[in-house]
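These notes are about the structure you will find just below.
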Amino acid sequence: MRQAVIGGVLLVVGAVCVVLGLLPLPDLATLAERVVPVLAFVLGLTVVSELAADAGVFDRLADLAARVGGGRTIGLWVSVVVLAVVCTVFLSIDTTAVLLTPIVIALARRVGLPPMPFALTTVWLANTASMLLPVSNLTNLLAVDKIGLDGPIPFAGLMVWAALAGVVVPCAVLLVVFRGKLFGRYTPVEVRRPRDPVFFWAASVVLVALVVALTAGVTVWIAALAAAVLLVVVAAFRAPSELRPSRVPWSTLLFAAGLFVVVETLHTTGLTDPVVHALSGGTGTGSLLLLGGAGAVAANAIDNLPAYLVLEPAAGHEALRYAALLVGVNAGCLITPWASLATLLWHARLASEGVHLSWGRYMALGCVVAPLTVVAGVLALQI
664 MRQAVIGGVL
674 LVVGAVCVVL
684 GLLPLPDLAT
694 LAERVVPVLA
704 FVLGLTVVSE
714 LAADAGVFDR
724 LADLAARVGG
734 GRTIGLWVSV
744 VVLAVVCTVF
754 LSIDTTAVLL
764 TPIVIALARR
774 VGLPPMPFAL
784 TTVWLANTAS
794 MLLPVSNLTN
804 LLAVDKIGLD
814 GPIPFAGLMV
824 WAALAGVVVP
834 CAVLLVVFRG
844 KLFGRYTPVE
854 VRRPRDPVFF
864 WAASVVLVAL
874 VVALTAGVTV
884 WIAALAAAVL
894 LVVVAAFRAP
904 SELRPSRVPW
914 STLLFAAGLF
924 VVVETLHTTG
934 LTDPVVHALS
944 GGTGTGSLLL
954 LGGAGAVAAN
964 AIDNLPAYLV
974 LEPAAGHEAL
984 RYAALLVGVN
994 AGCLITPWAS
1004 LATLLWHARL
1014 ASEGVHLSWG
1024 RYMALGCVVA
1034 PLTVVAGVLA
1044 LQI
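When we follow the numbering used here, the leftmost residue of the sequence shown carries the number 664, and every step to the right adds one.
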C-alpha cells in the first residue's frame, strides 16, 4: 500500500511537471514508448508466476531439490542455490524474493533445518544473480535497448562473467557465515502430489514455454502477456478462486510509472547533469569501478531502479559502462532495506513466516558482501 501511495504521489508530481512544461509532451511520448512494454512485461510475468505458485509448481521444484540434496545439508543448500539462480535468471528477481522464499523456508522446516541460511540465500541471489538476461531485472530491460544489443543472447554474452561473479561471491560469503549450519544431514522428504494435476501440468507447460520464448528472443512483453492470458484461462476453469484483482501488481506498476516520469523530468531539466558529468569516463578499469561503485551507493541511498534511471546517461552509450552500472545497482543493493523493492517484499514474507532477521544484522552482512560482489563483477566484465 505504501508503494502505491508513493507511486500515486510521483504520478501527480509528474503530471504537474507536464502541465508546467518541464517535461514536454514529445519527451513524455518517447518515454511511454520505452516504458509501457516494460510495465506490460512486469504485469504478465507477475500473473504467470503467482498462478504457477498456486498450481504447486514451485512446491514441486523445492521437493525435488530436497531429493537431489541426498540427505546432506550442503547438498540441499546447493540445490536451493541452483533453484534460486534459475528462478531469478528466467523469471526475475521478484519471483525469487517473493514466491520462492516462503517455499524454501517451509522446505527447511520440513526437513528439520534452520531456515535462515536458505532464506538469506534467496534474497541475496535474487539481487546478485539478476544480471544474466534482460528479463532477470527491470533495470536490465531498461538498459538492453540503450546498449544496442539485439536479443537476450548478446546481452548474456556481455554480462556472463559478471553474472557468474554475482553468484560465486555471495555463495562464498554464505558458506563462511553459516559454515556451522550448512554441514550435516537431514531426512529427505517425499515429493508431494499436486492438488489439481491438470492445473499443475498446464502451469508447468506454460512456464516452460515462457522461459523458452524469453530466451529465444521473442518480444518479452508479448510473451509474458500471452502466457498470462493462457494461464488465466486455465485457472478460470480449474481454480477460479485464485483469479483475484490482487494478482495484478498494481502498486509496482504505479510506483514504476511515477518514477519513470519524475526521473525523466529531472533529466530534461538538467538537474542530474552534474552527477552525470562527474561520472563521465571511458572503459578503463578505474572508470568502470567508479561507475559501478556510484551505482551501488545510489541504489542503497534511493533504491536500485531510480539509481539506474538517474545514472543511466553517465554510461555514455558504451556497452561496458552500461554493464558496470548494472553490476552496481543490481549486485550492490544488499545493504539498506530500501535498496531493492524485492528485499522489502522478501523481509515481509520472512516476517509472515515467523523468521526473524533484524535489519541491523542484514545491513552488517550486506556491508561485507555488496562491495566484494560489485568489485568482482566489474572486474569480470573485462575478461
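Every residue gets a Cβ at the ideal spot worked out from N, C-alpha and C, and that includes glycine. Just so you know, these numbers come straight off a predicted model, no measurement behind them.
Short of 6 Å in beta carbon distance, which residues of its chain neighbour residue i, apart from the five on each side in sequence? Order them along the chain.
i: I955; result: Rather than Ile, the amino acid found at residue 955 in this sequence is Gly. The answer, listed in chain order, is A987, V990, G991, V1037, V1041.
i: A962; result: A970, V992, G995, C996, A1002
i: L1035; result: V832
i: A865; result: V897
i: F818; result: P797, V807, L812
i: L893; result: V869
Taking the CB atoms as reference points, tell me whether residue i and residue j lie closer together than 7 Å.
i: A782; j: V1031; result: no
i: A977; j: V939; result: yes
i: T632; j: G847; result: One cannot answer for residue 632 here, as it falls past the ends of the chain, which runs 664 to 1046.
i: F753; j: V883; result: no
i: N803; j: I756; result: no
i: G670; j: L917; result: yes
i: L739; j: L724; result: no
i: A861; j: R907; result: Sequence inspection shows Val at residue 861; the Ala mentioned does not correspond to that position. It is not a contact, given that the beta carbons lie outside the stated cut-off.
i: T928; j: C680; result: yes
i: I768; j: E1016; result: yes
i: Y849; j: L776; result: yes
i: G1029; j: I998; result: yes
i: V774; j: F923; result: no
i: R858; j: V710; result: no
i: A1050; j: V832; result: Residue coverage of the chain in this structure runs from 664 to 1046, which leaves residue 1050 outside it and unanswerable.
i: D690; j: T932; result: no
i: P780; j: L845; result: yes
Is it buried or exposed for residue i, if we count other Cβ within 10 angstroms and need 16 for buried?
i: I1046; result: exposed
i: E975; result: buried
i: S712; result: buried
i: P937; result: exposed
i: V676; result: exposed
i: I810; result: buried
i: A692; result: exposed
i: R856; result: exposed
i: G719; result: buried
i: R1024; result: exposed
i: G1052; result: Here the chain covers residues 664 to 1046 and nothing more, so residue 1052 does not appear.
i: L1004; result: buried
i: T915; result: buried
i: G732; result: buried
i: V973; result: buried
i: P903; result: exposed
i: L888; result: buried
i: D808; result: exposed
i: A1080; result: It is not possible to answer for residue 1080, since the shown part of the chain is limited to 664 through 1046.
Could you pull out every residue in the same chain whose Cβ sits closer than 7 Å to the Cβ of residue i, ignoring the five residues on either side in sequence?
i: L983; result: T946, L951, L1044
i: A662; result: Summary: the structure shown does not reach residue 662, with the chain confined to residues 664 through 1046, and so no result is reported for it.
i: E905; result: L714, D717, A898
i: L683; result: none
i: G820; result: none
i: Y985; result: A806, K809, I810, A978
i: C834; result: V744
i: F863; result: A718, G719, V720, P857
i: P700; result: W884
Please look up how many angstroms separate the CB atoms of residue i and residue j, rounded, as I've assumed it's under 8 Å.
i: A920; j: L702; result: 6 Å
i: A729; j: L770; result: 6 Å
i: L942; j: L953; result: 6 Å
i: G734; j: P851; result: 5 Å
Using C-beta distances below 8 Å, list every residue in its chain close to residue i, excluding the 5 sequence neighbours before and after it, in chain order.
i: V830; result: V744, V748, L788, T791, A792
i: R772; result: P778
i: G814; result: G880
i: V854; result: R723, D726, L727, R730
i: T785; result: V743, A747, T759, A760, L763, T764, V767, W1009
i: A1033; result: A959, N963, A994, G995, C996, L997, I998
i: L674; result: L917, A920, G921, V924
i: L1020; result: M779, A782, L783, H1010, L1013
Would residue i count as contacting chain B if we go by Cβ distances under 7 Å?
i: A941; result: Absent from the structure is chain B; it holds one protein chain and no more.
Margin query: For the structure I just gave you, are there three or more beta carbon pairs, one from the segment 831-842 and one from the segment 1002-1016, closer than 8 Å?
Written below: Contact fails: fewer than three Cβ-Cβ distances are below 8 Å.
Note to self: For the pair the segment 817-833 and the segment 776-795, tell me if three or more CB-CB distances fall below 8 Å.
What the structure shows: yes
Next item on the list: Please confirm if the segment 755-767 is in contact with the segment 715-722, defined as three or more CB-CB distances below 8 Å between the two stretches.
Entry: yes
Next item on the list: Say whether the segment 858-871 touches the segment 890-898, bearing in mind that this needs 3 or more beta-carbon pairs closer than 8 Å, one atom from each stretch.
Entry: yes
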